[in-house]
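Here is the structure we will look at.
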Ligand SMILES: Cc1ncc(COP(=O)(O)O)c(C=O)c1O
Ligand SMILES: Cc1ncc(COP(=O)(O)O)c(C=O)c1O
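Residue numbers (the working numbering), protein chains in the order written: chain A, 434 to 948; chain B, 434 to 948; chain C, 814 to 1260; chain D, 814 to 1260.
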């Protein structure tokens, strides 16, 4: 038996792991580095030599250490790996704050048209008028749906959109000579990106408490406002799944204090086509196209986080932006006037724009409003069917697109929110968002989205009720031992963090490193 | 709780089956009819009315009884169902006689170019010259690889190709006034389609025995030949995985007796680019593009079974065929001269032609020969690594693309070939072909193809050896109870055949029908 | 070579294990005279991008249906297939699975086939349908053979409204056999079989909507056939018509065969398509092709298997009902997904929309005053008589970028009576602008 | 509405269960003044085929790179991506999974990220890489912030060879902060930082091959920086260059950032792309973005989890190393698959082929006698000086169907010294015919 340089095992015992596994259809899969080696390649190319004389003396000498896979090996590796993933396509994915809705395949098909996919960002603008028009149309939809004055498409994700909006706010303050405003108000329930963004720009973050209903009182905001406050970052609907009832008053108070209102629009799905954030007084809001407008999450990205801006902030928008001149659309690529600059090379996430625009046209504005209403209906249906067994911290009011429970109902059972989530896995469900927002103990934040059918919701309810009953009946082990039906049991996260192994090293090298 | 017409369950207990199941990632999936109903649809179309007056009084009155699924429901249904399938992409599929090789995705991409996929078979031929040229190129490859005079592309699969070849033979005999020849010789090891095809055309089938090496003796053929014999149908390499050593002599004898030689080319993968069947004296041979030339099996089809023909049979080829006239290619659609007619509407399986041609161009003729050699190498490697534990009925000679074992090694263990196969499933493997060919007891026919890596073969060997040892060590239950790791346990095939339930009926109707 | 996983070292290692020096030794059974003694006129392997360039160049030399106004039907129809369908059928587990012979790890394919069979049975109004045939034409030929087996009679009448290439396929399948009579083309939709049925008749074969677009009421024929102990075989080439037209089963058909391409499958120059075959329960054991049935596993859980395979070649060999093996699995999946997406509501809307577009086409053609529409009834296809032979007109319009339909003479050459006839189809994709362009083109050519 | 699974009956049933009469009641918290009081200027829902027609019409108005000779690079490159890559990334389980927060049912994504991190680390010659950033430009800005955190110093020098839009992004990210100095464009590849490094310097940022195509030897800079306690940040915009050029890690880089688009990802008018960020082990706790690490489950089986998340916003909030959350997961997957297919052998061949094509381009351009090639060294991209301003020439060539490169003035407007400069790239897809067409076009325009 041979063992090659890359540790490619060819002895039967080593190799067996490739086919044995817990289930006939879910075998374990070795690492790429344990399959491929430097002799294998899945791409046929001529083996030509090149002279050294134009390489500046820098021809590579250090090893590449990159195993190759032939095409059939690669196909199998990635198909087998993928089968070890959960996905929206395969089941309900009720992650609160994540809006895991159906991702239409028409979007994917349109994004792959050569006229979109095979176009370079620096082609002469005369050769990309269709692309620019697609961007213009997307911008039009976003501005119409939000009743705002401007839109900046280029942010690459929600957090990047926050950066964009807050930079516009900073630039606006500076333009007014109010650069001294160094405080940003952020409710405790905010997503981590909100305080991180504020801090990124050098702001200090002041937390605002929620009231007993899970929302923000205008009085609390007023109390926190001062001449040093640059902005409030408020999520609406908020991360407890509630519409902020005093949002108009809050906006007025913020403006009165000379500050701006940044709205985290991650939850726009609940209100698209139903409420226009611009009518509420917001100054800037990012929209996660990868949540609200159905572009796929892709296991973590890419997304797109366009930001709509009020009249007040519009002059500070970053480059690039579009300017129409009759039949032609220009692309303004260099900062002029108040623009705070450039957030990224090129023009943003065109692939996501095409998908989102396709989705908008498919749904139509009537369909988007219906989708928002269905999302809200679904969340309230789950609430109605579960609230007797689960504990809702802010009960007695309808929710928007998601319903929040805490772990009160698990008190004394020995089962934690985490245990409960892992038991859901054994039932074929992806867990909800856990331990977020931070304002309640052991949060369980459930967002069904409009994509789930009544039948699926009923099945979800039945499973959740059965689990809740079992937990309160003392069947602790089912939860603490879970999951048992997944490809792996619970993973040791502490070990991962204490002795980080962040890349593969050949067995020998690995042994040496561990000493 | 409501229950609608289609039996769409909305009560929690019924619906639960939608998410619970054996494993977190492999839940059971209800039938389409248990999910959808007539109110749901995943296609948006205007709801226009049409007048009755041009419908000949035949507007539909009977129920359609077709449930609809919205797009997210359909996506989930078909993704979840698919996850309950094994596939080449996910694992080795060593089905003898089936050539389950890697299916390149470039093929799929090319077949979907609008210039191929969005072209109608009855467009003016002036508008489809590229399609005709693709067919011409494919035909050229097939004739070059087989050294034959003509090719008929239109057969839709291997069995259809057999029909094509045998019809040409029949027509040739009739043209020569030898229509009285009513016997076709078929070795016992032949695939079922061979005798079925001969019978289809009114021939009576006479079986030829194999010798003790698993091949056909020219003497046995000579003994069976007579004035009444129209043809021999011989598979080469044969279904025992062996090259017929006397094939040239057999061809000569057949021709001498005034008969024709139909070669079943399902196993062409072993010799493509290495041996040309035309050099062996064959008159007609089908080639399964869905085996040898990598077009996907698709869970049972579609395939394509082009037939190459010798000079003698070429005049009898069916329509349509191509005729080049300088720069343009004509499509001859109506029988002329000796052509035996038309086997199907239109021109055959264009989608498969594009895939197969793409594959041929990718591999090149050098690559095809290497593929054949690797396929043979792989089969012999498995043989070498397994023959001490498994029983090879025709041992002592190299095999071609597949290796045949029988169940002698299981004698007295209480384990059958079927049991053994089901235990393979538990180890994450798809079983080999079982109980075929019929010439040995409890056949296990293993065809790895060239697509399997040494690592995969070694893992396969390790698993097979471990199973064989376990079977002979008396661990019967592991086999008779298998599979236990698959989505379902063994299925009751007798019940399925005795009380056929071939379509879904609503629960009420079903109960009535069962009485 | 990107598809071959062995390195040179791998191959050497394997030869070692086999105990032989070279792969050539493994080909020892091959006569030396034919082994590697040739130099084929074929190219060597190429990078993927070179292959792609080659294929794209070929594709570019075809006029795609979407490139301009398009009115071709005649047994293959251009419909919009939802993107979801093509996405799903490309999933590895559908695309690269074999025939589901191991049911425990093939429940996806098997359950899909069971659903497909149910959809086909319900759509056609029949008791049972099989798991697919190659296409509509071969399914028709198989249905004829099946009817002869069932009735043990020979005589078969084929209506003059049957698609000519379907007819030719039946003729070929039955070549040499006695009893087949194909009636002459009936472009006016006239009945031609009724009076011929006798007690020797095995079956009559009739298409509706027929090749010329006429909707044929087959109920009287059914009665006449049944009175003489013959079977009625109904052929449907545009399956979407059944969203608006009465089910053949409700009109008395004994066997229904159809081309399923319109649902889920692109035109692809004629194939692969998917043949549907459905019949009454009592004929099930004479059906060709695979059947999937419901059963349970050893734990009592519902599952599906291929069943009644004692009809099939791999079990019955020369006594099988057909030699078919590989069928149209993946095309059946595409059909089934598209139909699940449509459902009753969507299919009915789609059928009405097709009919409405055809009405617009018929009226526009009639409005030219230059052509005569032959149809009093139609679904989405119709026949017109031009004042001149149709083929050159079609050719001239193609040169203008308009694909105007199929001249009947292409399928029925050498018949003066059909030389001026043109069959045109409209679907949900046919726009008013397309029709206007056609009318303008025809006006120009017939000026 | 095809994406919405509820029928009217479903909705009524659900409202019933909720105990409310209408969905409007659920919006009770919304001030009445803003609820449904507007009529947006937006269309209603449309059939899929209508949407497809709309989008295709937009796409057709763009000149696709494959439509003719193409020489644009400047941070985004047109390469052939194997069909396998795009097929695989569209699998539901990759495409529609969320960030792998539940590792037991996300091992596919997690193992892939671990493999990706290893590939990036090995390719760049660094100890550790993260699970991706948005793109190369934002990764560069994050690297600058990271270096400032690590060194607790402010001063940063940005080389004049950095892609101008990368530079602008860094400027924006640091706006208002002290210490950033960006050097003027250096189209001749001249060194500009060495002498400036001092003990207040946090980092120097240099791109190689630089924006103008010059290959920069950063080892001396590394030494100089390290001598003063500063960090060397190396930026790579054409990742395929590392198949032929020395790894930045081997030359002394402390942080390497790169644009990964060239592997696996189409041009798509600028995004989504994938940012790579790798560094020395000791800086790992100052890295932005997600990291995947190896561990075991309770049975001791190997598995992977997201780890060291105490650096991240969802745990550390305002104390996080960055605000990044969603990254470029699927683009990282495409990158990783493409690189696995290539392997060392394929990547090295691909890199050599790219360089060979660029040599052909450079020689052909020099051969015109009309332009001056500025590069003595290059990988697959180079800069030429025209006798006239470049932008109008590029525009004129575009009108002839040739996309000739990027005029530097588009990215550095208002600078006379670069007005005549044109940056051109060649890749494995650049044919001799393309080069000939360019030369002919240039000869024509510069005649
Ligand atoms: C409320 C909220 N805000 C902001 C974000 C950040 O968006 P992204 O991940 O696109 O950067 C998220 C994403 O999870 C979120 O849920
Ligand atoms: C030896 C042999 N002959 C013929 C056939 C029939 O080919 P097809 O299934 O394409 O009709 C097969 C297919 O399994 C086969 O293995």
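All C-beta atoms, glycine included, are put in the ideal place defined by N, C-alpha and C.
These figures come from a predicted structure and were not determined experimentally.
Interface with chain C (8 Å Cβ-Cβ cutoff): residue 929/D is excluded. A direct Cα-to-Cα measurement between residue 467/B and residue 921/A gives close to 32 Å. In the DSSP assignment, residue 719/A falls within the unbroken beta strand (DSSP E) covering 717 to 719. For residue 1144/D, there is no enclosing beta strand (DSSP E); the enclosing alpha helix (DSSP H) covers residues 1142 to 1181. Between residue 997/C and residue 1022/C a beta carbon distance of about 19 Å is seen, past the 8 Å cut, so the two are scored as non-contacting. Taking residue 1122/C as reference, the option from 1103/C, 1027/C, 828/C and 992/C with the minimal CA-CA separation is 1103/C.
Counting only Cβ-Cβ distances below 7 Å, residue 505/A has contacts in chain C at 816 and 818, in chain order. Relative to ligand 1, residue 1084/D has its C-beta separated by 7 Å or more from all heavy atoms.
In the structure shown, residue 643/B falls within a coil segment according to DSSP collapsed to helix, strand and coil. Classified as buried, residue 840/A has 16 or more neighbouring CB atoms from the shown chains inside 10 Å of its CB. Annotated three-state conformation of residue 1105/C is strand, per DSSP. For residue 727/A, the three-state secondary structure derived from DSSP is coil. Annotated three-state conformation of residue 919/D is strand, per DSSP. When C-beta distances to chain D are compared with 7 Å, the residues of the region 855 to 867 of chain C below that value are 861 and 862, in chain order. The residue from 1082/C, 1152/C and 1116/C with its alpha-carbon nearest to that of residue 783/B is 1082/C. Relative to the non-hydrogen atoms of ligand 2, the Cβ of residue 861/A never comes closer than 7 Å to any of them. In the same chain as residue 600/B, and ignoring 5 residues on each side of it, the C-beta atoms closer than 6 Å to its own belong to 773, in chain order.
Look at residue 763/A here: in three-state DSSP terms it is strand. For residue 1257/D, no CB of chain A lies under 8 Å from its own CB, so it is not counted at the interface with that chain.
When 647/A, 615/A, 899/A and 539/A are compared, the shortest CA-CA separation from residue 660/A is found for 615/A. When DSSP reads this structure, residue 970/D sits in a beta bridge with 994/D and 1017/D. The DSSP-derived three-state label of residue 1001/C is coil. Within the same chain, 526 come within 8 Å of residue 520/A by CB-CB distance, once the 5 residues on both sides are set aside.
Non-local beta-carbon contacts of residue 902/B in its own chain, meaning distances under 8 Å to residues more than five positions away in sequence, involve 822 in chain order. Under DSSP, residue 531/A shares a beta bridge with no residue. Between residue 787/A and the set 550/A, 557/A, 475/A and 477/A, the nearest pair of CA atoms involves 550/A.
A direct Cα-to-Cα measurement between residue 577/A and residue 871/A gives close to 33 Å. When only Cα atoms are considered, residue 843/D and residue 690/A end up about 24 Å apart.
Taking 8 Å as the cut-off between beta carbons, the residues of the region 892 to 907 of chain D near chain C are 893, 895, 896, 900, 903, 904 and 905, in sequence order.
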